[in-house]
Amino acid sequence: MHGAEAMEQDRCRARLRAIMSSPTESAVHPRRFHAESLVHIHRHLLASLRAGPVTIEVPDPDLGRGCYPGERVGPSGALLHRPLRSWCDLAEGLACRLLTPRAVDATHIALTFERLGPEATWHAGGQADEAVSLQERYGAASAFARLRKLEDAGFLLPWLEALGRIRLPESGRVLDLGVNRGDELAAFSWLEEAPDVRFVGVDHSASAIEEARARFPDARHRFVVADLNALPEDLGRFHLVVSVGTLQSPGVDDHALLRRLVQEHLEPRSALLLGFPNSRFRDGEVVYGARVRNLREPDLSLLVKDLSFYRRYLHQHGFRTFLGGKYDLLLTAVRGASD
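Going by the UniProt record's numbering, the residue at position 90 of the sequence shown is 90; the numbering climbs one at a time, nothing skipped.
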């Protein structure tokens, strides 16, 4: 097992042991809330989290099914309703993990907030393993290999929706740049009308490509180890180009790559599906919002700038664009009969 992956798994096991064997004082004597404002609860959590995980008792969200946040619910309307989603958002804003809620009595549940650990090593500013080459930073033995983004509804549902917007011809060709082990390619078979197409996947990680070849051994799939700045000349043209979270990678000249794709590798009737990271992973949890090096808080300005360039360039070359997604913003561009 690779060093970075082993360290992260050790931290997970240590945290589980701590949760099971050493309840905090706040977990033994939790603060109980009834109709206090969310600002009041937020301040309490901010102050208490300095000492460790915090448990609070709040009105059961199920008492207010169909109600808006802040409406009165419960016996004599003595409780303020907040849906479970609001508590999840609060935990994320506090850089916390929200543990599974536990019932306390007929009106209240217990919520435990636990501070998240450091960001994943593959993010900008993360503590990458210096013994690993740049080509294998996302390889089969890396910490990144633990990630299964399409097992998270925030990634899966927008991805399936974007794929469903694209119509591919029979025996069409699909190019995936930054394919890694091929998770996005597997999603094509999950569509109600799965297209009969051929796939080419490109990645600079030899170990990830080896894993993809083992996963998709049939003749419809071809995988190539290559740098995105120097794509093989024999790739040919495609009806769809897919790339998720790769074009913005350090060292990739994404503007030049986009121009080359449109001019040299796309059919006249074609589409692109490009994913722009709008999240980061921290201690196993996905956290909304893009972040750049040397900034602690999310900053969407560079993401907006990139999207503006891509949309403007694609419009100039006859594409219609659609923007969706959540943790990955998905830019779908279609041209010709795909409209």
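Backbone N, C-alpha and C fix where the C-beta goes; we use that ideal spot for every residue, glycine too.
For glutamate 184, the CB contacts under 8 angstroms within the same chain, skipping 5 residues up- and downstream, are Leu150, Trp159, Asp176, Val242, Val244 in chain order. Annotation: the continuous alpha helix (DSSP H) that includes tyrosine 313 extends over 301–316. Per DSSP, the unbroken alpha helix (DSSP H) holding glycine 164 starts and ends at 153–164. Classified as buried, aspartate 328 has 16 or more neighbouring CB atoms from the shown chains inside 10 Å of its CB. Relative to the Cα of histidine 29, the nearest Cα in the group Leu111, Leu99, His40 belongs to Leu111.
Cβ-Cβ distances below 8 angstroms link arginine 280 to Glu119, Ala120, His123, Val286, Val287, Gly289, Ala290, Arg291 in the same chain, with the five nearest sequence neighbours on each side left out; the list follows chain order.
Bounds of the alpha helix (DSSP H) holding arginine 259 are 254–260. Boundaries for alanine 145: no beta strand (DSSP E) harbours it, and the DSSP string shows neither H nor E there. With a cutoff of 7 angstroms on beta-carbon distance, histidine 239 and serine 270 are scored as near each other. Distance from the Cα of leucine 235 is smallest, within the candidate group Ala208, Arg198, Glu57, for Arg198. Closest in C-alpha terms to serine 189, from the list Ser133, Gly178, His204, Leu163, comes Leu163. Within the model, the alpha-carbon separation for aspartate 152 versus arginine 146 is close to 13 angstroms.
Ranked by Cα distance from glutamate 114, the options Asp105, Thr107, Pro101, Phe144 are led by Pro101. The alpha-carbon of histidine 221 is positioned some 41 angstroms away from that of cysteine 96.
Straight through space, the alpha carbons of alanine 141 and alanine 186 are spaced by roughly 21 angstroms. In the assembly as shown, glycine 66 is an exposed residue. Its beta-carbon has fewer than 16 other beta-carbons within 10 Å. Contact between arginine 32 and histidine 108 holds, with the beta-carbon distance rounding to 7 angstroms and staying under 8 angstroms. When DSSP states are grouped into helix, strand and coil, alanine 35 belongs to the coil group. Sequence-distant partners of alanine 78 (beyond 5 residues in either direction) whose C-beta falls short of 7 angstroms from its own C-beta, in its chain, are His34, Ala35.
Counted as a single uninterrupted DSSP element, the alpha helix (DSSP H) harbouring glycine 93 occupies residues 84–93.
Going by C-alpha positions, glycine 324 is about 20 angstroms away from glycine 318. Within 10 angstroms of the beta-carbon of glutamate 211 lie 16 or more other beta-carbons, which makes it buried.
Going by beta carbons, alanine 106 and leucine 98 fall outside the 7 angstroms limit.
In this chain, the alpha helix (DSSP H) harbouring glutamate 211 covers 206–215.
In the DSSP annotation of this structure, the continuous segment of the alpha helix (DSSP H) that includes aspartate 183 starts and ends at 183–186. Under the three-state reduction of DSSP output, serine 171 falls in the coil class, being neither helix nor strand. Taking every protein chain shown into account, the CB of tyrosine 68 has fewer than 16 other CB atoms within 10 angstroms, so this residue is exposed. In this chain, arginine 50 is not harboured by any beta strand (DSSP E), its DSSP state being neither H nor E.
Less than 7 angstroms divides the Cβ of glycine 336 from the Cβ of proline 268. Of the residues Asp283, Leu258, Arg282, the one whose Cα lies closest to the Cα of leucine 273 is Leu258. The beta carbon of serine 207 lies closer than 7 angstroms to those of Glu136, Gly139, Ala140, Ala141 in the same chain, with the five residues before and after it left out. When C-alpha distances from glycine 201 are compared across Thr321, Ala214, Phe216, Phe223, the shortest belongs to Phe223. For aspartate 218, the secondary structure class from DSSP, reduced to helix, strand or coil, is coil.
Cβ neighbours of leucine 63 within its own chain (closer than 6 angstroms, five residues either side excluded): Val73, Gly74.
If you look at glycine 324, you'll find it in the beta strand (DSSP E) that goes 320–325. From the listed residues Leu134, Asp203, Leu157, Ala219, the smallest Cα separation to arginine 173 is found for Ala219.
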